[in-house]
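First to last, the protein sequences are chains L and U.
Numbering-wise (the UniProt record's numbering), the first sequence opens with residue 1 and increments by one.
Numbering-wise (the UniProt record's numbering), the second sequence opens with residue 1 and increments by one.
Idealized CB from N, CA, C, for every residue including glycine.
What you are looking at is a predicted structure, and each value in this text was computed from that prediction instead of being measured.
Number of protein chains: 2
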Amino acid sequence: MTKSQSAAGGVALWRQIADAIRLDIVGGKLANGDQLPTEALLAERFSANRHTVRHALAVLAEEGVVIAEQGRGTFVKSIRRLSYPIGKRTRFREGLKGQANTVVTNTLGDRIDNASAQVAEALGLKPGAKVVRLEAVSLADGVPLSRSTTWLAYRQFPDFAARLTELNSITRAFESYGFPDYVRAMTRISARHADVEETRLLGLAPGAIVLVSEAVNADPEGNPLSYALSRFPAERMELVV
Amino acid sequence: MTKSQSAAGGVALWRQIADAIRLDIVGGKLANGDQLPTEALLAERFSANRHTVRHALAVLAEEGVVIAEQGRGTFVKSIRRLSYPIGKRTRFREGLKGQANTVVTNTLGDRIDNASAQVAEALGLKPGAKVVRLEAVSLADGVPLSRSTTWLAYRQFPDFAARLTELNSITRAFESYGFPDYVRAMTRISARHADVEETRLLGLAPGAIVLVSEAVNADPEGNPLSYALSRFPAERMELVV
């Protein structure tokens, strides 16, 4: 343990520095794209050594709050968090309209699976029932925004994956089965650290956070149509209810 | 479908068993870390066969409610995430009813502040307008669940803090100003690492994640009443829309 880690009230100094910079950003003292003071200046301001300042900046970079540009300095990252509206009619592409020029969903694969207790309950099936399972990543303007797994009853939607590929829209795929409309029945939101696969597919730094949404879409009568588990990089996305 | 799945009123027996055990946990008959009765005892209690009991336990394990330890038995898992329902009528205490025996909100302090651009926009005020600012921590069964900062227009609610202390309920404090009802106008949900103060007040480990909700409550006509920034430990709480 370095000296800096045993500072003030047991709180590591690098963490206090990171918090102070975060506050400067949240409070508007530092705006998107602004250059941070140099390491030397920050070290002076916090009575810390440069190693400690560097550690604080590395943590902020990992969180996606700042970006270090070789030879130029460290800047407040101008990532604009996209807002994904969650409501009765929740559509991913529509929801991001006006925030991104292109929203693309790439299907990574599909397979027939047996429903786990959780999937079965969400879809109103018996555990073990056959379900279609789709894996996908969605990108907005080329930046990965969502890694999703979707389950549907096989009996009802045996060739959903093929229709999705053909029609390139979940809404239109449901339409083709005679469901011109669907509504969001339930959304459960939690957060955790990204796992290895998510880190890779979403292009995240180790230690990045994902917002996890579990969602059930239903027909207008309330019969469940699909159950989806979506992971959104917290640094790029927020959910608006 | 096994015999046990066609029991009582169409509700599978394994589901009834799982629900009963879940109730025992929520109701405090079984505490965190407690060992569940043996499969044989549970089978007797529910007049079920052991296969059915095993299925119920497997479902609970999958939900993260219990954990099976090889050769030792099944135990109540010591992380129980509470679900906070967010909807048109969002009330913290009511929302946690049935999930916790006691929900207590401790006010850490209050002061008169000038509205930042963000607060002003949320409350429909001019930036810099006088606002009441309340800091609080809420605990469920003694465990910190939320760290919140709430802003209200000073002009409208000059002594809100005093009334809150007296009435011990936000709902009743609003009532005392002639607002018998309020509705959730907007909720924005994001996630990040807890800062030092949150870590301390919420009793978290360094690196813990908080779900952050920004919420505007309004009167039934849609006029904003309060703006709150709440931080929930992601390991203890999830939000259900």
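Residues that DSSP places opposite residue i in a beta bridge
i, result
"U:D113", "U:V131"
"L:F75", "L:Q35, L:I67"
"L:P224", "L:A218"
"residue 288 of chain U", "This structure gives no information on residue 288 of chain U, because the portion of chain U shown stretches from 1 to 241."
"U:D213", "Asp is not the amino acid found at residue 213 of chain U; the sequence shown has Ser there. U:S213 is bridged to U:I189, U:S230."
"L:K97", "L:A100"
Residue i: first and last residue of the uninterrupted alpha helix (DSSP H) it sits in
i, result
"U:F174", "170-176"
"U:F160", "160-167"
"L:V59", "50-62"
For residue i, three-class secondary structure by DSSP
i, result
"L:L23", "helix"
"U:I86", "coil"
"U:F92", "helix"
"U:A205", "coil"
"L:R231", "strand"
"U:T199", "helix"
"L:T38", "coil"
"L:A12", "coil"
"U:L123", "helix"
"U:R81", "coil"
"U:Q156", "coil"
"U:T2", "With a pLDDT of 40 at U:T2, under the threshold of 50, the predicted position of this residue should be treated as unreliable, and no value is reported."
"U:A7", "At U:A7 the pLDDT is 41, less than 50, meaning the model places this residue with poor confidence and gives no usable figure here."
Delimiting residues of the beta strand (DSSP E) encompassing residue i
i, result
"L:T187", "183-193"
"U:R147", "143-153"
"U:L239", "237-240"
Counted within 10 angstroms of its Cβ, other Cβ atoms place residue i as buried (16 or more) or exposed
i, result
"U:A122", "buried"
"L:N217", "buried"
"L:P224", "buried"
"L:V181", "The residue asked about is misnamed: residue 181 of chain L is Asp in this sequence, not Val. It counts as exposed."
"U:V59", "buried"
"L:D19", "buried"
"L:T2", "In this prediction, L:T2 has a pLDDT of 39, which is less than 50 and means its spatial position is unreliable; what the coordinates show is noted afterwards. That one is exposed."
"U:Q70", "exposed"
"L:D141", "exposed"
"U:T187", "buried"
"L:T102", "exposed"
"U:A228", "buried"
"L:R111", "exposed"
"U:L152", "buried"
"L:Q16", "buried"
"U:D195", "buried"
"U:G9", "Low confidence applies here, because U:G9 scores a pLDDT of 45, under 50, leaving its location unreliable and the question unanswered by this model."
"U:A136", "buried"
"L:S47", "exposed"
"U:E198", "buried"
"U:P220", "exposed"
"L:L145", "buried"
"U:S4", "Residue placement at U:S4 is flagged as unreliable, the pLDDT there being 40, under the threshold of 50; a coordinate-derived value is accordingly withheld."
"U:A40", "exposed"
"U:G109", "exposed"
"U:S6", "Legend: pLDDT at U:S6 = 39, less than 50; position of this residue unreliable, value from coordinates given subsequently. U:S6 should be labelled exposed."
"residue 265 of chain L", "Because chain L is modelled from 1 through 241, residue 265 of chain L falls outside the range shown and cannot be assessed."
"L:A115", "buried"
"L:E235", "buried"
Contacts of residue i in chain A (Cβ-Cβ under 9 Å)
i, result
"L:Q16", "As a matter of chain content, chain A is missing from the structure shown, whose protein chains are L and U."
The ligand ATP heavy atom lying under 7 Å from the CB of residue i
i, result
"U:D219", "Ligands are entirely absent from the displayed structure, and the ligand ATP is therefore not among its contents."
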